[in-house]
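Novice:
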Amino acid sequence: MKPCIYDYTLEQLQEWMKENGEPVFRGGQLFDWLYVKRVKSFEDMSNLPKSLREKLDEHYSILTLNEITRFESKDGTVKFLFGLHDSHAIETVIMRHNYGNSICVTTQVGCRIGCTFCASTLGGLKRNLTAGEIVAQVVTAQQMLDATGERVSSIVIMGSGEPFENYDATMTFLRLMIHEKGLNIGQRHITVSTSGIVPSMYKFADENTQINLALSIHAPNDALRSKLMPVNRRFPFEDVMAACRHYIAKTGRRITFEYALIGGVNDRPEHAQELAEVLQGMLCHVNLIPVNHVPERNYVRTPREDIFEFQRVLERGKISVTIRREQGHDIAAACGQLRAKHMESTAR
Ligand code: SF4
1 MKPCIYDYTL EQLQEWMKEN GEPVFRGGQL FDWLYVKRVK SFEDMSNLPK
51 SLREKLDEHY SILTLNEITR FESKDGTVKF LFGLHDSHAI ETVIMRHNYG
101 NSICVTTQVG CRIGCTFCAS TLGGLKRNLT AGEIVAQVVT AQQMLDATGE
151 RVSSIVIMGS GEPFENYDAT MTFLRLMIHE KGLNIGQRHI TVSTSGIVPS
201 MYKFADENTQ INLALSIHAP NDALRSKLMP VNRRFPFEDV MAACRHYIAK
251 TGRRITFEYA LIGGVNDRPE HAQELAEVLQ GMLCHVNLIP VNHVPERNYV
301 RTPREDIFEF QRVLERGKIS VTIRREQGHD IAAACGQLRA KHMESTAR
């Protein structure tokens, strides 16, 4: 299989041109065709000499994701199930907001982290995605939006997988997305969400970017977090919080804590009170997510009034908090559920 051209940064493409006896500026032209004009074949790159187009075609592919299904919600949310070359499937979601279009990308096929409320982890980790496979999700979504003159204005890395367990591909993807000569997505409009892979959190803080970090916290203490997220046994609560404080100190940026509310498990006012105490004085924001029902798990949804009470307790503790607006509810599927259904039907 030919390597995917989306795996390479502009600097690497320029280097390739040099090594192949081409002027360096051809790298910039190629980059422009890929990310600004977004063509699907080298043949269409009309300002590159024919011999160069042929050479590129000989060595590389431009990855186009095979759309298995697409669900469109009344609220404009579009969920794609894409097939990969090795018959694995991944999910990508476009969400419409009044401030622009946001895309949620996947970084791994499946996930080994094992969060007990998540469908993505049910079959374990199959493999990491390449940088090109992550890039292709955004380019494909942008190609769809091109038809209506819209653009992807923000990215959240919150689809299936733990991005910090696929660190290098994730960072290459991010560098490609923020490049001013490419899609030029504002760094502050990108969020990477982690379950708390401590060494990578330190590494990320030291990358010197303005990209946002979100931590899936989901519990206010070590014991409960270990029950909900086995990864907490590998990287204990205290160490994760220390890594969060390092990120804030190093970047001066606010960190977001994602808190999935699970009925009767972590959604009581005393949990909110404990969380407020843990987060006291931190530059942070809490995003409450009423958990989606995962049929394989025995979790129930937190009643609306309890969600509001949880929010009020945090607010009284002077913690900035919002409840995540649910999108695409009518087309089913929280993260991982579309793929889980697909796996089930192909196994039959
Ligand atoms: S929530 Fe994220 S990290 Fe946890 S199992 Fe699901 S995909 Fe993996």
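Residue numbers for the sequence shown follow the UniProt record's numbering, so the first one is 1 and each next one is one higher. Backbone N, C-alpha and C define an ideal beta-carbon position, used for all residues, glycine too.
Residue range of the alpha helix (DSSP H) that Gln137 falls in?
Specialist: Ala131 to Asp146 is the extent of the alpha helix (DSSP H) around Gln137.
Novice: Under a three-way DSSP split, which group does Cys104 fall into?
Specialist: Here Cys104 sits in strand by DSSP.
Novice: Comparing the CB of Glu162 with every heavy atom of the ligand SF4, is any distance shorter than 8 Å?
Specialist: It does: the Cβ of Glu162 is within 8 Å (strictly closer) of some heavy atom of the ligand SF4.
Novice: What residues in its chain sit with their C-beta under 7 Å from that of Ile289, if we drop five residues either side in the sequence?
Specialist: Same-chain partners within the cutoff: Glu258, Tyr259, Ala260, Leu261 and Arg324.
Novice: Classify Met1: buried if its beta carbon has 16 or more other beta carbons within 10 angstroms, exposed otherwise.
Specialist: With fewer than 16 other Cβ atoms within 10 Å, it is exposed.
Novice: Is any heavy atom in the ligand SF4 found nearer than 8 Å to the beta carbon of residue 376?
Specialist: A question about residue 376 goes unanswered here, because the residues of the chain that appear run from 1 up to 348.
Novice: Consult DSSP for Ala219 and reduce its assignment to one of helix, strand or coil.
Specialist: It is coil, neither helix nor strand.
Novice: Does at least one heavy atom of the ligand SF4 sit under 8 Å from the Cβ of Gly114?
Specialist: Yes, the beta carbon of Gly114 sits closer than 8 Å to at least one heavy atom of the ligand SF4.
Novice: Name, in chain order, the residues that DSSP records as bridge partners for Thr322.
Specialist: Partner(s): Asn287.
Novice: Which residues does DSSP pair with Ser193 in a beta bridge?
Specialist: In the DSSP output, where bridge partners are listed per residue, Ser193 has Ala214.
Novice: Taking the alpha-carbon of Asn208 as reference, which of Leu215, Leu224 and Thr251 has the nearest alpha-carbon?
Specialist: Cα-wise, what sits closest to Asn208 is Thr251.
Novice: Which partner residues of Ser154 appear in the DSSP bridge assignment?
Specialist: According to DSSP, which records beta bridges pairwise, Ser154 is partnered with Ser102.
Novice: From what residue to what residue does the beta strand (DSSP E) around Tyr259 run?
Specialist: Per DSSP, Tyr259 belongs to the beta strand (DSSP E) from Ile255 to Leu261.
Novice: Closest to Ser320 by C-alpha separation, out of Gly28, Gln280, Thr170 and Lys181, would be which residue?
Specialist: Measuring from the Cα of Ser320, the nearest candidate turns out to be Gln280.
Novice: Under 9 Å, do Tyr6 and Ala136 count as touching if we go by C-beta distance?
Specialist: The answer is yes: Cβ separation under 9 Å.
Novice: Is the distance from the Cβ of Pro236 to the Cβ of Val278 below 9 Å?
Specialist: No, they are not a contact pair.
Novice: Look at Ile94 and Thr77 and say whether their C-beta atoms are less than 9 Å apart.
Specialist: Contact: yes.
Novice: In its own chain, which residues sit with a C-beta less than 6 Å from the C-beta of Arg112, not counting the 5 before and 5 after it?
Specialist: So the qualifying residues of the chain are Gly124 and Leu125.
Novice: Could you check whether the Cβ of Thr191 sits closer than 8 Å to any heavy atom belonging to the ligand SF4?
Specialist: No, Cβ of Thr191 sits at least 8 Å from all heavy atoms of the ligand SF4.
Novice: Looking at Gln108 and Glu165, is the spacing between their C-beta atoms short of 9 Å?
Specialist: Yes; because the gap between Cβ atoms is below 9 Å, this pair is in contact.
Novice: Would you grab the beta carbon distance between Leu10 and His218 for me? Rounded to a whole angstrom, and I think it's under 8 Å.
Specialist: No, Leu10 and His218 are not in contact; Cβ-Cβ is about 38 Å, not under 8 Å.
Novice: Three-state secondary structure (DSSP) at Met201?
Specialist: Correct three-state label for Met201: helix.
Novice: Flag Thr121 as yes when its Cβ comes closer than 8 Å to any non-hydrogen atom of the ligand SF4, and as no otherwise.
Specialist: Yes.
Novice: If Leu48 and Gln29 are in contact, beta carbons under 8 Å, what's the gap, nearest whole angstrom?
Specialist: Contact holds; Cβ gap of about 6 Å.
Novice: Please work out which residues of its chain come closer than 6 Å, Cβ to Cβ, to Arg188, disregarding the five sequence neighbours upstream and downstream, and give them in chain order.
Specialist: Taken in chain order, the residues that qualify are Gln210.
Novice: Any contact between the stretch 150–162 and the stretch 97–108? By contact I mean 3 or more CB pairs, one from each, below 8 Å.
Specialist: Cβ pair count under 8 Å is three or more, so yes.
Novice: Give the single residue among Asn298, Thr302, Phe310 and Glu309 whose Cα lies nearest to the Cα of Cys118.
Specialist: Selected option, being the one with the closest Cα: Asn298.
Novice: May I ask whether a heavy atom of the ligand SF4 can be found less than 8 Å away from the beta carbon of Cys111?
Specialist: Under cutoff, so the answer is yes.
Novice: Helix, strand or coil: how does DSSP classify Val109 here?
Specialist: Correct three-state label for Val109: strand.
Novice: Identify every run of the beta strand (DSSP E) within the stretch 47–89, keeping only runs that are complete inside it and at least 3 residues long; order them along the chain.
Specialist: Runs found: 66–72 and 78–83.
Novice: Is DSSP giving Asn166 helix, strand or coil here?
Specialist: Residue state, collapsed to three classes: coil.
Novice: What does DSSP give as the partner residues of Thr92 in its beta bridges?
Specialist: Thr92 is bridged to Phe80.
Novice: Given 8 Å as the limit, tell me if Cys284 has its C-beta closer than that to any heavy atom belonging to the ligand SF4.
Specialist: No; taking the cut-off as 8 Å, the Cβ of Cys284 has no heavy atom of the ligand SF4 nearer than that.
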